[in-house]
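**Student:** Below: one structure in C-alpha cells.
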C-alpha cells in the first residue's frame, strides 16, 4: 500500500477556495433559492405558533404509547381488583355485624322473657301466700266470731230461756210499727253515714223495712253486713249491673241478694215450704219478682183473715210499708231466721249524707 504525501498549507487553502466557489454557485441556482424561501416560511410559521411546535415535538412513538396504555390498563385492573376486594370485605363485615347484633337481640329477649317469667312466678307465689294467709285469717275471725256469738247466746239463754221467743216478738212488733210511717219507694244510690247510717226517713225499699225493724232492736245490719262482706267478699253475689270492686257500706246492706247470703252465713236458713204453719213471726221471707229482681218481707204476729193458720207479711213492694197477706203470692226463694245478741236497743239512726 502506497502512503499519501502530507498536505501542505497551500494545498489546504486551495481546497477551501474550491469549496467556497462551489457553494456560491450552488446558492445562486434557482433550486437553492426555492429551498431557502421554503425554509424561511417554515421558520416564520414556527415562531407564530410555538405551542403547536411543542405539541408536535411532544408526540411520542407508537411503542411508547402502547406501553403507556398497557400500564394504564394494568392500573385500572388493579384498582378494580382492590375495589372488589374492599366491597367483599365490607359485605362480609356487615354480615358478621348483623349476625352478631341478631344474636345479641335474641339473647336479650330470652333473658327478658326469663326474667318476666321469674317475676310472674314470684308474684304468683306471693299472691297465693297472701291469699292463703287471708283465708286463714278470715277462717280464724269467722270462727272467733261464731264462738263469741255462741257464748253470748248461751249466756243470754241461761239468763233468759225465752230469749228467741222474745226477740221474735220484738222484731214482729218493730215491723208492725213501720206500717205507721209514710214511705215513698225509692231505691237510688245515696251516700250515708257509717255505722248506723240510713237514707232519709221519707224514702225506702223492701230491704229498708227489714233494716229499720232490726234497728229498733239495736241491731245494725249495715255494720254487720259490711264487716262480713269485707271478710268474705267473693262469697256474696256481684251482679254485672252493680260492677262492684269491693264492699260498699252505702248500698250493700240494701240489696236482697246480700241479705240472703248474710242470713245464711250468720243465721238460720230454713226449708222453703208450702205449709203456712212453717212461717213464724220474726222470720224473713224472700220472693222472686222475675229475672234477677227479688223481694223481702217480715212475718208478723197477725193472722190472715182468709186463713187463721197463715201469718201476715210487712213489706214494701212499691206502695209503701204495708201489712198484707202475700205469703204465697210470689214464688218463695228463701226462708230465714236471724236472732242476734244485741246490747244497745233502740239505737238512734244516723242521718244521711248528701
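Numbering (the working numbering), first residue to last: 6 to 359.
Every residue, glycine too, gets a C-beta built ideally from N, C-alpha and C.
Note that the structure is predicted; figures quoted are calculated from it, not measured.
1) In chain order, what are the residue ranges of uninterrupted alpha helix (DSSP H) at least 4 long that sit wholly in the stretch 78–117?
2) DSSP three-state call for residue 212: helix, strand or coil?
3) Might you give, ordered along the chain, the residues of its own chain that have their beta carbon closer than 6 Å to the beta carbon of residue 343, omitting 5 neighbours on each side?
4) Report the CB separation of residue 254 from residue 231 in whole angstroms; it is logged as a contact under 8 Å.
5) Give a yes or no on whether the C-beta atoms belonging to residue 190 and residue 210 are separated by under 9 Å.
6) For residue 78, count the other beta carbons within 10 Å of its own beta carbon; 16 or more makes it buried, fewer makes it exposed. Which is it?
7) My parser needs the beta strand (DSSP E) runs of 3 or more residues fully inside the stretch 261–338; what are they?
8) Between which residues of its own chain and residue 236 is the CB-CB distance below 7 Å, once the five residues before and five after are set aside?
9) In the structure shown, what three-state DSSP assignment does residue 258 receive?
10) Assuming residue 361 contacts residue 207 under a Cβ cut-off of 8 Å, what Cβ separation, rounded to an integer in Å, is found between them?
11) Using C-beta distances below 6 Å, list every residue in its chain close to residue 331, excluding the 5 sequence neighbours before and after it, in chain order.
12) Closer than 6 Å by C-beta to residue 234: which residues in its own chain qualify, once you throw out the five before and the five after it? Chain order, please.
13) With a threshold of 7 Å on Cβ separation, who are the neighbours of residue 361 within its own chain once the five nearest residues in sequence on each side are excluded?
14) Give the range of the alpha helix (DSSP H) segment to which residue 231 is assigned.
15) Considering only the alpha carbon of each residue, which of 259, 186, 261 and 290 lies closest to residue 274?
16) Among all the DSSP beta bridges, which residues are the ones paired with residue 190?
**Tutor:** On the basis of the coordinates in this document:
1) none
2) helix
3) Taking residue 343 as the centre and dropping the five residues before and after it, the same chain places the C-beta of 268 and 272 closer than 6 Å to its C-beta, in chain order.
4) 4 Å
5) Their beta carbons are under 9 Å apart, which means residue 190 touches residue 210 by this criterion.
6) exposed
7) 273–275, 289–295, 298–308, 316–320 and 327–329
8) For residue 236, where only same-chain residues beyond five positions count, the Cβ hits under 7 Å are 143, 146 and 147.
9) helix
10) The structure shown does not extend to residue 361, since the chain is modelled only from 6 to 359, so the question has no answer here.
11) 318
12) 241, 252 and 257
13) Residue coverage of the chain in this structure runs from 6 to 359, which leaves residue 361 outside it and unanswerable.
14) 226–236
15) Checking every option, the nearest Cα to that of residue 274 belongs to 290.
16) 209
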